[in-house]
Structures are given as C-alpha cells and as structure tokens.
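Asker: Got a structure for you, questions after.
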Amino acid sequence: QTREQETPPDFFYFSDYERHNAEIAAFHLDRILGFRRVPPVAGRMVNMTKEIRDVTRDKKLWRTFFISPGNLVSPGTTSPPALDREWQLPLVAEGVCGPPAVPACLSFYYWVVPLPSANNICFYGECSYYCSTEHALCGRPDQIEGSLAAFLPDLSLAKRKTWRNPWRRSYHKRKKAEWEVDPDYCEEVKQTPPYDSGHRILDVMDMTVFDFLMGNMDRHHYETFEKFGNETFIIHLDNGRGFGKHSHDELSILAPLQQCCRKSTYLRLQLLAREEYKLSLLMAESLRGDRVAPVLYPPHLEALDRRLRVVLQAVRDCVERDGLRSIVEDGLDPGHRVSAGR
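Printed below as a string of structure tokens:
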C-alpha cells in the first residue's frame with residue numbers, strides 16, 4: 001500500500017494493512033498530544049542483505065530469506081497441465097480441504113510462466129500471522145523502507161501485563177461487541193477492576209482519542225508495566241493499522257469517550273485546535289525530519305484537524321449533559337490522578 005492509497009472499503013478492520021509509516025506517525029502524534037506512551041519510532045531504508053541476512057544469528061530467520069523468481073503465476077485447471085520439460089518448472093497446488101473426517105479437497109493448480117527474473121531479496125520471518133512466502137517482504141533489489149522502534153526493557157527486568165481492551169471489537173464478520181449494543185456499557189466497566197479506581201479509565205479515554213485521530217480500529221489489547229500495579233500507564237503499542245483512511249472518520253472508535261464522558265487532557269486538545277498550534281501543522285513539522293519523509297499523505301494531516309473538532313464536540317456534548325466538573329479533569333494538575341471517585 002502506497003502513501004496515497006486508502007484502505008479498500010470492503011476490508012474488515014482485522015484484515016487491514018499494517019503500515020510502517022503509521023507506526024512512525026503514531027509516535028509523533030502521541031508525543032504532540034503529550035501522552036508519551038509510544039516507544040520512539042523512526043523510519044529508514046534498510047539493506048536487507050548487509051544489515052539483516054548477513055549479520056543475523058537467528059538460523060530460523062536466516063532460512064526464510066530467498067531471491068524472488070520474477071515469474072508470473074497463472075491459474076490453471078482442476079487437473080495439472082503437462083510440465084514443460086524444457087523449463088523444468090514445478091507446479092504449484094493449493095487446496096481447500098474438509099475436516100479430517102471428510103478427507104476431500106478441492107485443488108487449484110497453477111503453472112509458472114517465466115518472465116525476466118526480478119532477483120529481489122525477500123524474507124518472511126517467523127510470526128503467528130502472515131509469515132509465509134505469499135506475504136514476504138521484498139527489497140529493490142535488497143533496499144526496503146521500514147520503521148524501527150526502540151526496544152522496551154527486557155521482560156526479565158520489567159515485566160509487562162497484557163489487558164483486554166474493554167472496548168475491544170468482536171473480530172467477527174457479523175457479531176457485534178457488547179459495547180456496540182449497550183449504551184450504558186461504561187457503567188459496568190467502571191465497576192470492574194482496574195477501572196474502578198485510580199486513573200486507568202482516564203488513560204483509556206486518552207487511548208480512545210489517540211486511536212480516533214489515527215483511525216485505528218484494531219486496539220484489541222494494551223500493555224502496562226506490571227511493577228507499578230494500577231499506578232502505571234498504558235503503553236501505546238501496535239499502531240500499524242492507523243492512518244488507513246483520510247476520507248472517513250470512524251465514529252465508533254469514540255464510543256468509550258461518548259459512553260463514559262470523562263477526559264483529563266481537554267485543555268491540550270483545545271490548544272491544538274487553535275490556529276497557531278494547529279495539530280496538522282505540528283505533525284507536519286515533526287515528521288519533516290524523518291528519513292523516509294514525507295511520512296503521511298497530506299489529506300491524513302488535514303483529517304487530524306477535522307477529527308480533533310469531532311473529539312472536542314463530543315466532550316462539549318458531555319459537558320452540556322452532565323456539567324463541566326463531572327466530565328473534565330484538569331490535566332495540568334498533578335493531583336488529578338489520585339481520586340478514586342471519578
């Protein structure tokens with residue numbers, strides 16, 4: 001996916017692209033918002049041969065490197081065509097199979113038509129999803145643009161705890177999550193640890209605004225440092241599915257803010273809506289120094305200003321309904337994160 005392309009409208013949020021430039025932009029946005037919960041991320045060009053393949057000590061990773069053939073794969077029939085003896089090219093077969101008790105498969109065969117070889121260096125690594133030759137990363141011929149994130153402390157030094165996001169989506173093509181059908185869902189959340197005390201619920205509101213500004217619908221879990229218990233902060237990791245659509249504002253991302261009506265960083269958001277501190281201008285200036293600039297397509301920057309106005313209106317709606325003192329906490333007051341009765 002190029003900078004200019006938007007996520008196709010028929011894609012589910014859980015099948016969206018992972019964008020390295022979104023990780024870069026998320027770090028800068030998080031810093032401008034004053035959260036500072038994204039580990040530093042920077043873009044750069046990587047030589048896959050000299051900087052990865054030839055220096056890695058991970059044999060499993062090394063074995064996933066290959067040189068792309070530059071061949072065109074064409075669909076065949078349900079029976080394999082004759083193999084051309086001159087080319088000696090193997091057939092590729094894919095199958096859709098039934099359960100073990102029904103050993104039936106519908107196979108699709110492909111034959112390979114030679115084209116001039118691309119000879120690009122590729123690898124696919126090891127992971128739970130998408131690590132296969134069909135989803136390999138390929139350079140040109142071995143140069144690839146990517147994002148690099150600073151390592152968090154080793155788990156032996158600073159253990160992290162993974163939490164299920166209360167406003168996690170269903171990750172199902174037809175089913176809806178509870179929060180999507182229950183307008184009073186937040187009341188249940190606020191009575192459940194760790195959201196019944198401390199500032200965790202306010203941190204989730206910050207994360208909600210952060211995700212809405214990026215258009216990130218994929219916040220299924222989040223992490224905290226275990227050592228500090230509930231007096232910790234949320235780490236904003238895994239932001240690669242942000243900045244996919246600049247022409248669409250996904251209002252459902254704001255559900256936590258609209259249902260809970262709590263905000264502790266209202267003053268900063270108001271500041272970023274002013275012309276002299278305009279969010280899009282600050283982002284453009286911050287991103288300008290990255291090695292792979294321009295990081296974002298200009299319409300994504302314009303969308304930040306538009307979405308910020310939506311966030312501020314959501315808070316104003318809450319204030320009109322419940323009053324300022326019950327909604328907005330002074331984000332500049334060090335003591336605002338102590339009271340458990342919010």
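Under UniProt numbering, the residue at position 37 of the sequence shown is numbered 37, and the numbers go up by one with no gaps.
For glycine and all other residues, C-beta sits at the position ideal for the given N, C-alpha and C.
The structure displayed is predicted, hence computed values, not measured ones.
Quick one, which of 239, 283, 308, 240 has its alpha-carbon nearest residue 270's?
Answerer: As a working mapping, residue 270 is identified with position 270 in the sequence shown. The option with the nearest alpha carbon to residue 270 is 308.
Asker: Closer than 6 Å by C-beta to residue 396: which residues in its own chain qualify, once you throw out the five before and the five after it? Chain order, please.
Answerer: In this structure the chain extends from 1 to 342, so residue 396 is not present and cannot be described.
Asker: Rounded to whole angstroms, what's the CA-CA distance from residue 227 to residue 312? Just pull it up for me.
Answerer: By one-based count along the sequence shown, residue 227 stands at place 227. By one-based count along the sequence shown, residue 312 stands at place 312. Answer to the nearest angstrom: the Cα atoms are 34 Å apart.
Asker: Taking just the CA atoms, how far does residue 240 sit from residue 49?
Answerer: Position 49 of the sequence shown, counting from 1, holds the residue named residue 49. Position 240 of the sequence shown, counting from 1, holds the residue named residue 240. Going from the Cα of residue 49 to the Cα of residue 240 covers about 25 Å.
Asker: What does the Cβ neighbour count give for residue 45, buried or exposed, with the cut at 16 atoms within 10 Å?
Answerer: As a first step, residue 45 is located in the sequence shown; it is residue number 45 there, counting from the start. Exposed: under 16 other Cβ atoms inside 10 Å.
Asker: Beta carbon of residue 14: closer than 8 Å to some heavy atom of the ligand NAD?
Answerer: What this structure holds is no ligand at all, so the ligand NAD is not there to describe.
Asker: How long is the line joining the alpha carbons of residue 166 and residue 289, rounded to whole angstroms?
Answerer: Residue mapping note: residue 166 aligns to position 166 of the sequence shown, counting from 1. Residue mapping note: residue 289 aligns to position 289 of the sequence shown, counting from 1. Computed Cα separation, rounded: 36 Å.
Asker: In the structure shown, what three-state DSSP assignment does residue 224 receive?
Answerer: One-based indexing of the sequence shown puts residue 224 at position 224. Residue state, collapsed to three classes: strand.
Asker: Excluding five sequence neighbours on each side, which residues of the same chain lie with their C-beta closer than 7 Å to the C-beta of residue 185?
Answerer: By one-based count along the sequence shown, residue 185 stands at place 185. If we look at residue 185 and ignore the five residues flanking it on each side, its Cβ neighbours are 178, 179, 259.
Asker: Please name the residue, chosen from 210, 223, 222, that lies closest to residue 253 on a Cα-to-Cα basis.
Answerer: As a position in the sequence shown, residue 253 is number 253, starting the count at 1. The residue with the shortest Cα to Cα distance from residue 253 is 210.
Asker: For the beta strand (DSSP E) containing residue 147, list its first residue and its last residue.
Answerer: Taking the first residue of the sequence shown as 1, we reach residue 147 at position 147. Segment 143-149, the beta strand (DSSP E) holding residue 147.
Asker: Which of the three DSSP states, helix, strand or coil, is assigned to residue 56?
Answerer: In the sequence shown, the residue the question calls residue 56 occupies position 56. Residue state, collapsed to three classes: coil.
Asker: Name the two residues that bound the continuous beta strand (DSSP E) containing residue 163.
Answerer: Stepping through the sequence shown from its first residue, residue 163 is reached at position 163. From DSSP, the beta strand (DSSP E) with residue 163 extends over 160-164.
Asker: Looking at the structure shown, is residue 137 part of a helix, part of a strand, or coil, going by DSSP?
Answerer: Position 137 of the sequence shown, counted from the start, is the residue given in the question as residue 137. In the structure shown, residue 137 sits in a strand (DSSP, three-state: E or B).
Asker: How is the alpha helix (DSSP H) around residue 205 delimited, first residue to last?
Answerer: As a position in the sequence shown, residue 205 is number 205, starting the count at 1. 200-214 is the extent of the alpha helix (DSSP H) around residue 205.
Asker: DSSP has residue 45 in a bridge; who is on the other side?
Answerer: Locating residue 45 in the sequence shown gives position 45, counting from the first residue. DSSP, once it has assigned bridges, lists 145 as partnering residue 45.
Asker: Where does residue 306 land, buried or exposed, given buried means 16+ other C-beta within 10 angstroms?
Answerer: Mapped onto the sequence shown, residue 306 falls at position 306. Per the 10 Å Cβ criterion, exposed.
Asker: Following the continuous beta strand (DSSP E) through residue 121, name the residue where it begins and the one where it ends.
Answerer: Here residue 121 refers to the residue found at position 121 when the sequence shown is read from its first residue. Where residue 121 is concerned, the enclosing beta strand (DSSP E) stretches over 121-123.
Asker: How would you write the range of the alpha helix (DSSP H) that residue 179 sits in, first residue to last?
Answerer: Taking the first residue of the sequence shown as 1, we reach residue 179 at position 179. Per DSSP, residue 179 belongs to the alpha helix (DSSP H) from 178-181.
Asker: Among 172, 37, 14, 298, which has the Cα closest to the Cα of residue 236?
Answerer: Numbered from 1 along the sequence shown, position 236 holds the residue referred to as residue 236. Nearest of 172, 37, 14, 298 to residue 236, Cα basis: 37.
Asker: Is it the case that the region 216-231 contacts the region 261-280, given that we only count it when at least three CB pairs across the two stretches are under 8 Å?
Answerer: The region 261-280, when compared against the region 216-231, does not touch it at the 8 Å Cβ threshold.
Asker: Is the beta carbon of residue 162 sitting closer than 9 Å to the one on residue 124?
Answerer: Here residue 162 refers to the residue found at position 162 when the sequence shown is read from its first residue. Here residue 124 refers to the residue found at position 124 when the sequence shown is read from its first residue. No, these two residues do not count as a Cβ contact at 9 Å.
Asker: Looking at C-alpha atoms only, which residue of 171, 182, 231, 172 is the closest neighbour of residue 193?
Answerer: Indexing the sequence shown from 1 puts residue 193 at position 193. The candidate whose alpha carbon is nearest that of residue 193 is 231.
Asker: So which of 206, 317, 303 has the shortest CA-CA distance to residue 30?
Answerer: Here residue 30 refers to the residue found at position 30 of the sequence shown. That would be 206, whose Cα lies nearest to the Cα of residue 30.
Asker: Going by the DSSP bridge assignment, what does residue 66 pair with across the sheet?
Answerer: For this step, residue 66 is matched to residue 66 along the sequence shown. Residue 66 is bridged to 122.
Asker: Could you check how far apart the C-beta atoms of residue 282 and residue 32 are, in whole angstroms? I think they sit under 8 Å.
Answerer: Sequence index remark: in the sequence shown, residue 282 carries index 282 (1-based). Sequence index remark: in the sequence shown, residue 32 carries index 32 (1-based). Confirmed, about 5 Å.
Asker: For residue 50, name the three-state secondary structure that DSSP assigns.
Answerer: In the sequence shown, counting from the first residue as 1, residue 50 sits at position 50. Three-state result, residue 50: helix.
Asker: Determine the closest residue to residue 118 out of 321, 233, 128, 141, with distance taken between C-alpha atoms.
Answerer: Against the sequence shown, residue 118 aligns to sequence position 118. Per the Cα distances, 141.
Asker: State the start and end residues of the unbroken alpha helix (DSSP H) segment that holds residue 27.
Answerer: For the purposes of this step, residue 27 is taken as residue 27 along the sequence shown, with counting starting at 1. That run of the alpha helix (DSSP H) goes 20-32.
Asker: In chain order, which continuous runs of the alpha helix (DSSP H) of length 4 or greater are located wholly inside the region 256-313?
Answerer: Whole alpha helix (DSSP H) segments, 4+ residues: 266-272, 279-287.
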